[in-house]
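Just so we're aligned: the sequence shown equals residues 1 to 951 in UniProt numbering.
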Amino acid sequence: MDKTYQPHAIEATWYQNWESNLYFSPQGSGDPYTIMIPPPNVTGSLHMGHGFNNTIMDALIRYRRMQGRNTLWQPGTDHAGIATQMVVERQLEALGQTRHDLGREAFLDKVWQWKEQSGGTITRQIRRLGSSVDWSRERFTMDAGLSEAVKEAFVRLYNDGLIYRGKRLVNWDPKFHTAISDLEVENHDEQGSLWNLRYPLADGATTANGKNYLVVATTRPETMLGDTAVAVHPDDERYKALIGKFIELPLVGRRIPIVGDDYCDPEFGTGCVKITPAHDFNDYEVGKRHQLPMINVLDQDAAILASAQVFNSDGSHNAELDSSLPAQYAGLDRFDARNKIVDDLKALNLLEKIEPHALKTPRGDRSGAVIEPWLTDQWYVSTKALAEPAIAAVEDGRIQFVPKQYENMYFSWMRDIQDWCISRQLWWGHRIPAWYDESGKVYVGRNEAEVREQHKLAANVVLRQDDDVLDTWFSSGLWTFSTLGWPEQTEFLKTFHPTDVLVTGFDIIFFWVARMIMLTMHLVKNEDGTPQIPFKTVYVHGLVRDSQGHKMSKSKGNVLDPLDIIDGIDLESLVQKRTSGMMQPQLAAKIEQQTRDEFADGIASYGTDALRFTFCSLASTGRDIKFDMGRVEGYRNFCNKIWNAARYVLMQCEGKDVGLGDDQSVELTVADRWIISQLQRTEQEVARQLDQFRFDLAANALYEFIWNQYCDWYLELSKPVLWDEEAPAERTRGTRRTLVRVLEAALRLAHPFMPFITEEIWQRIAPLAGKTGSTIMLQPYPASEGDKLDAQAEGDIEWLKSVMLAVRNIRAEMNIGPGKPIPLYLANSSAEDRRRLQVNETTLAKLARLESISTLGAGQEAPMSATALVGDLQVLVPMAGLIDTTAELARLDKEIARLQGEIKRVSGKLSNQGFVAKAPADVIAKERAKQADYEHALEQLTEQRSKMASL
């Protein structure tokens with residue numbers, strides 16, 4: 001092995017080896033175990049969320065694979081409709097073209113070309129994380145098989161009466177000309193205005209205070225052209241008498257009613273609210289309750305129409321209501337129209353006042369355009385009937401959320417679920433399998449030929465396919481079963497569905513998790529016809545935040561790239577990466593300075609294993625993760641520690657007798673028995689925590705065992721045996737065998753967390769431990785063996801460690817060099833102390849560099865000594881020629897003061913009647929035991945100080 005651990009020298013080589021040998025494919029005779037990767041966008045690149053999410057999934061899949069389960073980790077990418085279309089449209093824009101210049105088919109050809117050339121970035125990066133997905137089964141949401149599954153699902157849902165076309169409000173992106181989901185809307189805190197407008201009362205009506213108008217406040221004056229009512233609270237004494245009367249809508253002249261609705265807050269503003277059902281989601285609901293007409297005044301560009309589109313509250317066309325709009329606004333962009341409308345109202349003395357107003361502005365996450373609630377014809381999934389069995393599956397435990405608290409979020413959404421808009425006005429995506437004849441009648445089928453055959457349409461009937469495509473969440477909602485061959489009943493589908501675990505963030509529980517449950521339970525059935533669930537467990541993880549707990553975002557300049565942590569990046573490249581593309585020079589300068597302050601030397605190369613272990617160590621259930629580069633550095637040191645330990649083991653054991661033969665006798669020292677017992681406990685704890693999805697506790701248990709118990713203590717404890725030329729062969733053989741066998745098991749234990757370093761070292765250690773096999777990946781995961789637990793050995797070594805630490809502390813405090821041999825006295829020893837000394841005396845003398853060890857009997861006094869306590873046992877190092885008396889008195893004073901403080905604290909707690917009355921009996925007993933221990937130690941140290949002071 002190389003003297004130093006160099007992750008880049010091993011990572012790429014091992015991953016290629018694993019993948020080329022198909023080790024990631026399902027294999028094993030155990031029960032199936034399946035995880036579906038949340039499909040990242042084909043346009044995407046790796047971010048910290050991907051790094052964390054993939055680490056958790058890979059740890060689970062490697063763990064179960066090593067347990068002998070027949071594992072499948074299904075990979076794939078999402079076609080990311082709007083994001084991908086935007087990438088290719090930008091390329092065309094650079095050439096002075098638009099998609100309309102090419103036409104739909106030619107444009108889609110361009111998209112496919114881009115996908116083939118550039119769409120694999122994210123999958124290449126996932127490989128760098130060591131993710132052991134079965135690449136031979138990689139899927140894409142637009143591949144032929146998944147496209148057929150999408151059409152099949154749409155047709156079945158339509159035929160079951162669960163998909164319909166209707167006119168409703170959607171989030172409309174006026175730049176991309178498409179409806180978008182709530183998840184694609186970002187609410188930005190921005191400074192705006194609140195315009196208070198005077199709406200004249202009709203028919204001579206007046207308010208309670210004699211005004212002939214009502215004042216309404218709005219942040220979007222341009223939408224007033226589509227107002228169909230003014231609402232007040234039905235119990236508001238100021239306006240109750242006006243309910244049922246009318247307003248003369250300014251600029252338009254339309255009479256609109258005053259309605260009473262609980263939606264209005266009498267305490268906010270004037271208590272009067274303009275109602276524009278076609279341009280506000282809350283107003284839309286008010287409009288439906290009062291059967292108000294819906295008047296759309298904007299076109300797809302969010303410009304004012306020449307003539308409004310008027311609909312009834314059920315979405316049907318309203319031919320009776322006047323649709324005319326003031327001609328002076330026709331064709332104006334909404335914001336230009338806003339300015340002109342405000343000026344016109346001011347000229348008419350109908351502008352009460354303008355107030356500054358902080359608001360959340362909805363913007364498209366891709367386009368940056370202000371999103372407009374817009375009334376359009378869209379395709380919808382009727383969700384209430386789908387939600388009921390999906391709720392029941394979680395209620396009865398067929399599907400479990402970890403942590404359980406997220407079930408409440410799930411239930412809250414599902415019990416108040418709204419129909420799902422699944423159509424998008426894009427070209428890239430699954431085109432809706434619906435056709436229209438010349439009269440506008442709609443036909444749904446898997447293809448045009450099927451439509452014609454089912455409906456007996458003559459060849460001369462002209463059909464036009466719907467131009468819209470499906471929301472990407474629709475195809476990803478089929479992900480767990482469409483990737484396995486559905487609607488065909490493939491062997492993979494029968495074997496690996498339902499899947500076992502879904503690993504995801506809380507932010508898409510509704511957008512993806514809930515929809516997968518609903519669609520799967522409706523479309524996929526067990527042999528007995530009962531609904532099949534998509535997964536048994538939903539493990540919900542938090543978001544990866546920076547070390548201060550702030551969300552990582554480009555605008556804050558705190559984004560970390562996992563690959564930069566793995567491979568390293570110099571400061572100038574990091575600055576360029578964080579500030580590139582920023583339009584605001586001041587912000588770019590601020591972020592540049594922040595980056596230079598935080599990463600003066602850039603980011604060092606830490607390797608994949610250190611990053612993965614960091615993610616696991618931080619993965620407490622459900623909590624957001626504060627990512628700290630210091631943790632990564634610490635776990636890079638952990639990798640170094642393992643590497644150096646392996647080099648020591650190889651130097652001690654390669655080419656030597658390690659007791660592999662069955663006929664070879666071995667003698668295990670107490671240290672050998674101790675580390676074997678500790679290994680069993682660690683194996684128990686790691687498996688227990690992984691089964692409970694406590695990756696943080698599993699990682700901590702592993703770290704504690706490898707670093708502290710094996711590397712720091714056991715390797716030291718092995719040296720007196722291995723370096724003793726007179727030690728019996730059975731004993732050295734036993735220690736060598738223990739060294740390699742425990743390390744080999746620890747490597748298998750750590751493999752799901754740190755796959756690369758464990759594979760590299762295992763290849764060298766395994767033959768010494770009698771293990772055969774081409775890869776650690778397919779070795780059995782260590783399982784605790786109860787008969788190897790050894791409580792006596794554990795107690796003996798803990799005693800030895802405590803005595804050695806006491807001696808080290810005295811050396812440090814008294815400034816005695818670690819290599820200087822010193823005498824040691826043990827006073828107030830019990831029979832068990834003396835037995836343990838007999839067992840460990842040689843080891844203690846060698847490792848603590850003791851020239852002698854003496855046990856004092858009752859009544860015997862040691863020379864004036866520095867003292868430490870191990871329970872009741874006094875560990876004494878004589879001061880003569882070794883110790884500065886003044887310094888020792890100061891040390892004793894410091895320790896006495898500490899004990900007095902602890903006694904005062906515990907006594908105060910126990911004298912507090914409130915504490916004694918409320919605290920459990922075992923807690924009170926522990927506090928009293930602490931008090932007794934402190935008082936006993938104080939008594940001994942006070943006596944020791946008195947003796948020293950009398951010299």
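Glycine included, every Cβ here is placed at the ideal spot set by N, Cα and C.
key: Beta-carbon gap between Ser573 and Pro7 smaller than 9 Å   = Cβ distance not < 9 Å, so Ser573 and Pro7 don't count as in contact.
(Q) I'd like the span of the beta strand (DSSP E) that includes Leu715, first residue to last. (A) It is not in any beta strand (DSSP E) - Leu715 instead sits in the alpha helix (DSSP H) that spans 715-722.
For Arg928, which residues from the same chain have a beta carbon less than 7 Å from its beta carbon, with the 5 sequence-adjacent residues on both sides left out?
Within the same chain, Arg928 has close Cβ partners Leu910.
Taking the alpha-carbon of Ala701 as reference, which of Leu194, Cys616, Trp114, His455 has the nearest alpha-carbon?
Nearest C-alpha to Ala701: Cys616.
Closer than 8 Å to a non-hydrogen atom of the ligand SAM - does that hold for the CB of Leu359? Here there are no bound small molecules, and the ligand SAM is not part of this structure.
Proximal residues to Ala153 (C-beta, below 7 Å), its chain only, five neighbours per side dropped
For Ala153, where only same-chain residues beyond five positions count, the Cβ hits under 7 Å are Leu478, Leu519, Leu523.
Q.
Can you find the residues in the same chain that come closer than 8 Å, C-beta to C-beta, to Leu146, ignoring five residues on each side of it along the sequence?
A. Answer for Leu146: Arg139, Phe140, Ser475, Leu478, Ser482, Thr483, listed in chain order.
Look at the alpha carbon of Ala887 and the alpha carbon of Leu805, and state the distance between them as a whole number of angstroms. If you take the alpha carbons of Ala887 and Leu805, they lie about 20 Å apart.
Are three or more beta carbon pairs between the segment 618-628 and the segment 20-37 nearer than 8 Å?
-> The count of Cβ pairs closer than 8 Å, one atom from the segment 618-628 and one from the segment 20-37, stays below three, leaving the stretches out of contact.
- When the Cα of Ala791 is compared with those of Ala671, Phe753, Ala827, which residue comes out closest? Nearest to Ala791 by C-alpha distance, out of Ala671, Phe753, Ala827, is Ala671.
So the candidates are Tyr648, Asp466, Phe753, Val839; which of them puts its Cα closest to the Cα of Gly607?
Ranking the options by Cα distance to Gly607, first place goes to Phe753.
**Study point:** Terminal residues of the beta strand (DSSP E) in which Val658 lies
**Key:** Premise fails: Val658 is in no beta strand (DSSP E) and is neither H nor E.
Exercise for review: Rounded to whole angstroms, what's the CA-CA distance from Gln944 to Tyr703? Just pull it up for me.
Suggested key: In this model, Gln944 and Tyr703 are separated by some 39 Å (Cα to Cα).
When the Cα atoms are used, what is the spatial distance from Lys641 to Val381? Cα to Cα, the separation comes out at about 56 Å.
Handout entry: Residue interval of the beta strand (DSSP E) (run including Pro257)
Key = Looking at the DSSP string, the run of the beta strand (DSSP E) that includes Pro257 is 255-260.
Exercise for the section: Identify which residue in Thr228, Gln400, Leu941, Ile391 has its Cα closest to the Cα of Met414. Expected result: Nearest C-alpha to Met414: Ile391.
**Asked** What three-state label does DSSP hand Pro780 in the structure shown?
**Response** DSSP, read as helix, strand or coil, puts Pro780 in coil.
ask   = CA-CA distance, Leu359 and Leu194?
value = So the two alpha carbons sit approximately 10 Å from each other.
When Asp336, Trp427, Leu345 are compared against Ala179, the one with the closest alpha-carbon: Ranking the options by Cα distance to Ala179, first place goes to Trp427.
**Request:** Rank Lys626, Tyr781, Thr738 by C-alpha distance to the C-alpha of Tyr63 and give the top, closest one.
**Result:** Of the candidates Lys626, Tyr781, Thr738, Tyr781 places its Cα closest to the Cα of Tyr63.
Inset, instruction - Keeping to the same chain, check which residues put their C-beta closer than 8 Å to that of Ala80; ignore five residues upstream and five downstream. - result: Excluding residues up to 5 positions away in sequence, Asn41, Val42, Thr43, Gly44, Thr472 lie with their Cβ nearer than 8 Å to the Cβ of Ala80 in the same chain.
> Which same chain residues, not among the five before or five after Leu743, have their C-beta less than 6 Å away from its C-beta?
Replying inline: Only Val649, Ile765 meet the Cβ criterion.
Using DSSP's beta-bridge definition, name the partner residues of Thr738. Residue pairing of Thr738 in beta bridges, as defined by DSSP: absent, with no partner found.
Taking contact to mean at least 3 C-beta pairs separated by less than 8 Å, is the segment 852-859 in contact with the segment 896-914?
-> No: fewer than three Cβ pairs fall under 8 Å.
Practice problem: Since I believe Val297 is in contact with Val216 (beta carbons under 8 Å), could you give me their beta-carbon distance rounded to a whole number of angstroms? | Solution: With a contact defined as Cβ atoms closer than 8 Å, Val216 and Val297 miss out at about 17 Å.
Thinking just about the alpha-carbon of each residue, which of Val286, Thr361, Trp112 is nearest to the one in Gln191?
In this structure, Thr361 is the residue among Val286, Thr361, Trp112 with its C-alpha nearest to the C-alpha of Gln191.
Three-state secondary structure assigned by DSSP to Cys711: Cys711: helix per DSSP, three-state reduction.
Could you pull the start and end residues of the alpha helix (DSSP H) that Gly505 belongs to?
Where Gly505 is concerned, there is no enclosing alpha helix (DSSP H), although the beta strand (DSSP E) it sits in stretches over 499-505.
So within the segment 291-325, which uninterrupted beta strand (DSSP E) runs reach at least 3 residues, ignoring any that extend past its ends?
Taking 3 residues as the shortest admissible run, the segment 291-325 contains the following complete beta strand (DSSP E) segments, listed from N- to C-terminal end: 294-298, 304-311.
Leaving out five residues before and five after Pro728 in sequence, what residues of the same chain have Cβ atoms less than 7 Å from its Cβ? Glu667, listed in sequence order.
Measure the C-alpha to C-alpha separation of Leu349 and Asn196 and round it to an integer number of angstroms. As written in the sequence, residue 349 is Asn, which differs from the Leu given in the question. In this structure, the alpha-carbon of Asn349 lies about 12 Å from that of Asn196.
### Query
When you compare only the Cα positions, how much space is there between Met57 and Val503?
Roughly 7 Å separates the two Cα atoms.
Q.
Give me, in chain order, the residues of the same chain whose beta-carbon lies closer than 7 Å to that of Tyr410; leave out the 5 immediate sequence neighbours on both sides.
A. Excluding positions up to five away in sequence, the list reads Val394, Phe401, Ile509, Ala514.
Determine the extent of the alpha helix (DSSP H) in which Ile896 is found, giving its start and end residues.
Per DSSP, Ile896 belongs to the alpha helix (DSSP H) from 885-910.
(Q) I need the straight-line Cα distance from Glu794 to Ile591, nearest angstrom please. (A) It is roughly 53 Å from the alpha-carbon of Glu794 to the alpha-carbon of Ile591.
What span of residues does the beta strand (DSSP E) with Lys353 cover, start to end? Element bounds for Lys353: 351-364.
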